[in-house]
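Asks: Supplied in structure tokens, the structure appears directly below.
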Amino acid sequence: MPVRTVTKNTDDSTIEIVADYPVSVGRLWNAFADPNQLERFWGPPTYPATFPRHDVAVGGRSHYFMTGPEGDRSAGYWTFTDVNAPYSFTVRDGFADESGTPNPQTPEMTMSFQFDTTDQGSAMTMVTSFASDSDMQQMVEMGMAEGMEAALSQLDAVLAAPDPVAPGSKTQLTILEDTLVRINRVLPGTVEEVWGAHHDADVLRRWQLGPDGWSMPVCDVTTTVGEVYRFGWVQDVAADGQEAEAFGFTGTVLESEEPYRIVTTEMMTDGGGTPVEDGPETRNEVTFSPVANGTLLTLVVTYPGVAARDMILGTGMVDGMEMSYARLDQLLG
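Going by my numbering, the sequence shown opens with residue 782, and the numbers climb by one from there.
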């Protein structure tokens, strides 16, 4: 069991957990930065966590909920106050409703995570600080220390598996709920470089093409809230006797926090840029997080229904994204 010590200190209202792992600091960091991995250990074994939002940046927020064996849910949030990848991060942590709004009836805590290199691999020091001893006692009585120790006992198995966000990893699809899907891809380069590659029209035209044989004549990029973006693709060579296929996407920027997060709507358009009749509109939330040896891009898509989700994913969307990201690997690498 990796947990070395659990110390409850009433003098400064803290709980400290120290744990050892036979992996590098970077590998340990990735387990916390990648929501796919974090969900495998954050929460007791009978209450696994789901992170619909996970912004690893100062000022960023994470929303999560833990689901019990009877389907009951307990939701929480993190607000990042410090990030020093891959060595440490600090968050404010508390209970919330399912939208991530803090519950004022429960204490807010501060959790700091420090990752250090050791002769055996790495050590994690996690310190949870409370506003008062009574707040700490309330959480202790709720079983917080035991729950956290049980959760961290699952981290060994996560770290023993191949790192899904190591360099060279392919695009991953995770269905979080019926209408909520997460797509992950690690890319070479810093957060700023990867953000730039997604929001510079000249660069986008070089890699965001899907399968070979397409070009991108329409590339109107914006990161300004309230403005509209437009993308359009056309086949380079049409099949015999047919017109070249063309399609596109358009939407509005809802939120933008350069270079870490952007939220937009998205609708499919025809070759002339007109929205497809009865085409579904999605909400797309993209975050860029620092991981060891690169940047983790996470796209969370909210669909209007299961049928729309299945229709869009059935177009080969994820395969097309991987083809594009393989080109971006070459540009950034």
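Even for Gly, the Cβ is constructed at its ideal location relative to N, Cα and C. Keep in mind the model is a prediction, meaning the values are calculated, not measured.
Within its chain, find whatever has a CB closer than 7 Å to the CB of residue 1100; leave out the 5 residues flanking it on each side and keep chain order.
Replies: The count along the sequence shown starts at 1 and reaches residue 1100 at position 319. Once the five neighbours on either side are set aside, residue 1100 has no close Cβ partner at all.
Asks: Can you tell me which of the three DSSP states residue 1101 falls into?
Replies: Position 320 of the sequence shown, counting from 1, holds the residue named residue 1101. Residue state, collapsed to three classes: helix.
Asks: Taking buried to mean at least 16 other C-beta atoms within 10 Å of its own C-beta, is residue 901 buried or exposed?
Replies: As a first step, residue 901 is located in the sequence shown; it is residue number 120 there, counting from the start. Under this definition residue 901 is an exposed residue.
Asks: Would you check if there are 3 or more beta carbon pairs closer than 8 Å linking the region 1089–1106 to the region 942–953?
Replies: Cβ pair count under 8 Å is three or more, so yes.
Asks: Hey, out of 791, 802 and 843, whose CA is closest to residue 1068's CA?
Replies: In the sequence shown, the residue the question calls residue 1068 occupies position 287. Among 791, 802 and 843, the Cα nearest to that of residue 1068 belongs to 843.
Asks: Determine contact between the region 832–846 and the region 887–894, defined as no fewer than three beta-carbon pairs at a distance below 8 Å.
Replies: Segments in contact, no.
Asks: Going by Cα to Cα distance, which pick from 1110, 1013, 1006 and 1019 is closest to residue 1042?
Replies: Here residue 1042 corresponds to residue number 261 of the sequence shown, with the count starting at 1. The candidate whose alpha carbon is nearest that of residue 1042 is 1006.
Asks: What would DSSP say about residue 845, mapped onto helix, strand or coil?
Replies: Your numbering for residue 845 matches position 64 in the sequence shown. Note: residue 845 maps to strand in three-state DSSP.
Asks: Let me confirm a value: residue 998 is counted as buried when at least 16 other C-beta atoms fall within 10 Å, else exposed. Which label applies?
Replies: Position 217 of the sequence shown holds residue 998. Counting Cβ neighbours within 10 Å, residue 998 comes out exposed, since fewer than 16 surround it.
Asks: Which residue's Cα is closest to the Cα of residue 1013: 1051, 1034 and 792?
Replies: One-based indexing of the sequence shown puts residue 1013 at position 232. Nearest option by C-alpha distance: 1051.
Asks: Flag this pair as touching only if the region 875–884 and the region 844–854 have three or more C-beta atom pairs under 8 Å; answer yes or no.
Replies: Touching, per the Cβ criterion.
Asks: Helix, strand or coil for residue 990, going by three-state DSSP, please let me know.
Replies: Here residue 990 is taken as the residue at index 209 of the sequence shown, counted from 1. Residue 990 falls in the coil class under three-state DSSP.
Asks: Go through its chain and collect everything with a Cβ distance to residue 1058's Cβ below 6 Å, but skip five positions before and after it.
Replies: Taking the first residue of the sequence shown as position 1, residue 1058 is located at position 277. Excluding sequence neighbours, residue 1058 sits near nothing in its chain.
Asks: Near residue 1037, what residues of its chain come up, given a Cβ to Cβ distance below 6 Å and the 5 sequence neighbours on each side ignored?
Replies: Here residue 1037 refers to the residue found at position 256 of the sequence shown. The answer, listed in chain order, is 1004, 1006 and 1043.
Asks: Do residue 808 and residue 944 have their C-beta atoms closer together than 7 Å?
Replies: What you label residue 808 is simply residue 27 of the sequence shown in a count that begins at 1. What you label residue 944 is simply residue 163 of the sequence shown in a count that begins at 1. In contact: residue 808 and residue 944 (Cβ atoms closer than 7 Å).
Asks: Give me the DSSP bridge partner(s) of residue 890.
Replies: Translated into positions along the sequence shown, residue 890 becomes position 109. Note: residue 890 sits in a beta bridge opposite 874.
Asks: Do residue 1072 and residue 811 have their C-beta atoms within less than 7 Å of each other?
Replies: Here residue 1072 refers to the residue found at position 291 of the sequence shown. Here residue 811 refers to the residue found at position 30 of the sequence shown. Result yes, Cβ atoms of residue 1072 and residue 811 sit closer than 7 Å.
Asks: Count the other CB atoms within 10 Å of the CB of residue 806; is the residue buried (16 or more) or exposed (fewer)?
Replies: Numbered from 1 along the sequence shown, position 25 holds the residue referred to as residue 806. Answer is buried; the Cβ neighbour count reaches 16.
Asks: Tell me the rounded alpha-carbon separation between residue 828 and residue 1015.
Replies: Position 47 of the sequence shown, counted from the start, is the residue given in the question as residue 828. Position 234 of the sequence shown, counted from the start, is the residue given in the question as residue 1015. Whole-angstrom Cα-Cα distance: 47 Å.
Asks: Around the C-beta of residue 890, are 16 or more other C-beta atoms found within 10 angstroms, so that it is buried, or is it exposed?
Replies: Counting from 1 along the sequence shown, the entry for residue 890 is found at position 109. By the 10 Å Cβ count, residue 890 comes out buried.
Asks: So residue 1021 is in the alpha helix (DSSP H); what residue range does that whole segment cover?
Replies: Counting from one through the sequence shown, the residue named residue 1021 turns up at place 240. Counting along the chain, residue 1021 falls outside any alpha helix (DSSP H), and DSSP gives it neither H nor E.
Asks: If we call anything under 7 Å between Cβ atoms a contact, is residue 871 one with residue 862?
Replies: Walking along the sequence shown from the start, residue 871 turns up at place 90. Walking along the sequence shown from the start, residue 862 turns up at place 81. Cβ distance < 7 Å, so residue 871 and residue 862 count as in contact.
Asks: State whether the region 953–970 contacts the region 1018–1030, with contact taken as three or more CB pairs (one from each stretch) at a distance under 8 Å.
Replies: Not touching, per the Cβ criterion.
Asks: Is DSSP giving residue 839 helix, strand or coil here?
Replies: For the purposes of this step, residue 839 is taken as the residue at position 58 of the sequence shown. Coil at residue 839, not helix or strand.
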